[in-house]
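S.K.: Residues 27 to 181, numbered by the numbering used here, are exactly what the sequence shown covers, in order.
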Amino acid sequence: MQQDVGFGIRQIVDIALKAISPAVNDPTTATTCIDHLGRLLILLAKRHISPWEIKDPFSGDVIVSLRKINFHDALELAFTQIRQYGKSDMAVTLAMLRVIKEIASSTGNTKYHEYLWHHVELIEEVTKNYFSSKEVKDFIRLKEDIEKIMALKLP
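1. Would you call the CB atoms of Ile46 and Gly112 closer than 9 Å?
2. With the cut-off set at 9 Å, would you say Ala117 and Thr57 are in Cβ contact?
3. Among Glu140, Val162, Lys169, which one has its Cα closest to the Cα of Glu102?
4. Nearest-angstrom Cα distance between Leu168 and Asp87?
5. Around the C-beta of Asp82, are 16 or more other C-beta atoms found within 10 angstroms, so that it is buried, or is it exposed?
6. Work out the CA separation of Leu178 and Val39 for me, nearest whole Å.
7. For Val90, I'd like the list of residues in its chain whose CB is within less than 6 Å of its CB, leaving aside the five on either flank, ordered along the chain.
8. Identify the residues that DSSP records as bridge partners of Lys81: which are they?
9. Count the other CB atoms, across all protein chains shown, that sit within 10 Å of the CB of His145; report buried if there are 16 or more and exposed otherwise.
10. Indicate the three-state DSSP secondary structure (helix, strand or coil) for Ile41 in the structure shown.
11. Round the Cβ separation of Ile68 and Ile129 to the nearest angstrom and send it over; I've been treating them as touching at under 8 Å.
12. Please classify Lys154: is it buried, with 16 or more other beta-carbons within 10 angstroms of its beta-carbon, or exposed?
13. Provide the residue span of the alpha helix (DSSP H) that contains Val118, from first to last.
14. For a test of the three-state rule: what should DSSP assign to Ala71, helix, strand or coil?
15. In its own chain, which residues sit with a C-beta less than 6 Å from the C-beta of Leu70, not counting the 5 before and 5 after it?
Here's what the structure looks like:
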C-alpha cells in the first residue's frame with residue numbers, strides 16, 4: 027500500500043464491488059471499504075506528491091519520470107466504480123457522501139473541493155431515480171453539509 031497507493035485503492039475498491047454485488051449483497055462491508063478509502067484520501071490530500079525523476083548526470087535532462095498517483099486520480103479510482111455499481115444502494119451512496127464530507131473538512135484546497143463536488147454531482151445524477159423521499163432527504167442534508175464545509179474552507 028505504501029509503495030503503490032493506486033494498487034491498494036484498487037484492492038479496496040474490488041472488495042467493495044464484490045460486497046455490493048447481487049450475489050453477496052453486503053452493504054456493511056462496502057461501507058467499511060468506503061470508510062477506509064476516505065482515510066486514504068484524507069492522507070493523500072495532506073501530501074504534496076511530485077513525480078519521481080532520474081536526471082542525466084551530465085546534461086541534467088530528465089531521462090526517467092515516474093508519475094505518482096495524485097489526489098484527483100486517487101479520488102477517481104476510489105469512487106467511480108463504487109458510484110456506478112452501488113447507485114441503487116442508499117447505504118453505499120450515503121457512505122460516499124459522508125466520506126466526501128470528511129475529506130472536504132480535512133482540506134482547504136479549493137481544487138480538491140472542486141474534485142469532491144464533482145463527485146457529489148455525479149453521485150446525485152446516477153442515484154436520483156432509485157430512492158424514497160426519506161432517503162432523498164438524507165442525501166440532500168449531507169449534500170448541504172458538504173456545501174457549507176466547502177464555503178467555510180474558501181480562502
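Even for Gly, the Cβ is constructed at its ideal location relative to N, Cα and C.
M.R.: Walking through what the data contain:
1. Indexing the sequence shown from 1 puts residue 46 at position 20. Indexing the sequence shown from 1 puts residue 112 at position 86. For Ile46 and Gly112, yes; Cβs fall inside 9 Å.
2. Walking along the sequence shown from the start, residue 117 turns up at place 91. Walking along the sequence shown from the start, residue 57 turns up at place 31. Yes, they are a contact pair.
3. Mapped onto the sequence shown, residue 102 falls at position 76. Residue Glu140 is the option with its Cα nearest to Glu102.
4. Against the sequence shown, residue 168 aligns to sequence position 142. Against the sequence shown, residue 87 aligns to sequence position 61. Cα to Cα, Leu168 sits roughly 49 Å from Asp87.
5. On the sequence shown, position 56 is the one that residue 82 refers to. Exposed, because fewer than 16 other Cβ atoms sit within 10 Å of the Cβ of Asp82.
6. By 1-based counting over the sequence shown, the position of residue 39 is 13. By 1-based counting over the sequence shown, the position of residue 178 is 152. If I take the Cα positions, the gap works out to 30 Å.
7. Numbered from 1 along the sequence shown, position 64 holds the residue referred to as residue 90. Cβ neighbours of Val90 beyond the five flanking positions: Ile80.
8. Residue mapping note: residue 81 aligns to position 55 of the sequence shown, counting from 1. The partner list for Lys81 (beta bridge, DSSP) reads Val88.
9. In the sequence shown, the residue the question calls residue 145 occupies position 119. When all chains shown are included, His145 counts as buried.
10. Against the sequence shown, residue 41 aligns to sequence position 15. Helix at Ile41.
11. For the purposes of this step, residue 68 is identified with residue 42 of the sequence shown, where counting begins at 1. For the purposes of this step, residue 129 is identified with residue 103 of the sequence shown, where counting begins at 1. Contact between Ile68 and Ile129 holds, with the beta-carbon distance rounding to 6 Å and staying under 8 Å.
12. The count along the sequence shown starts at 1 and reaches residue 154 at position 128. That one is exposed.
13. Numbered from 1 along the sequence shown, position 92 holds the residue referred to as residue 118. Segment 116 to 132, the alpha helix (DSSP H) holding Val118.
14. The residue labelled residue 71 in the question sits at position 45 within the sequence shown. Ala71 falls in the helix class under three-state DSSP.
15. As a working note, residue 70 is residue 44 in the sequence shown. Closer than 6 Å at Cβ, skipping near neighbours: Phe97, Ala100.
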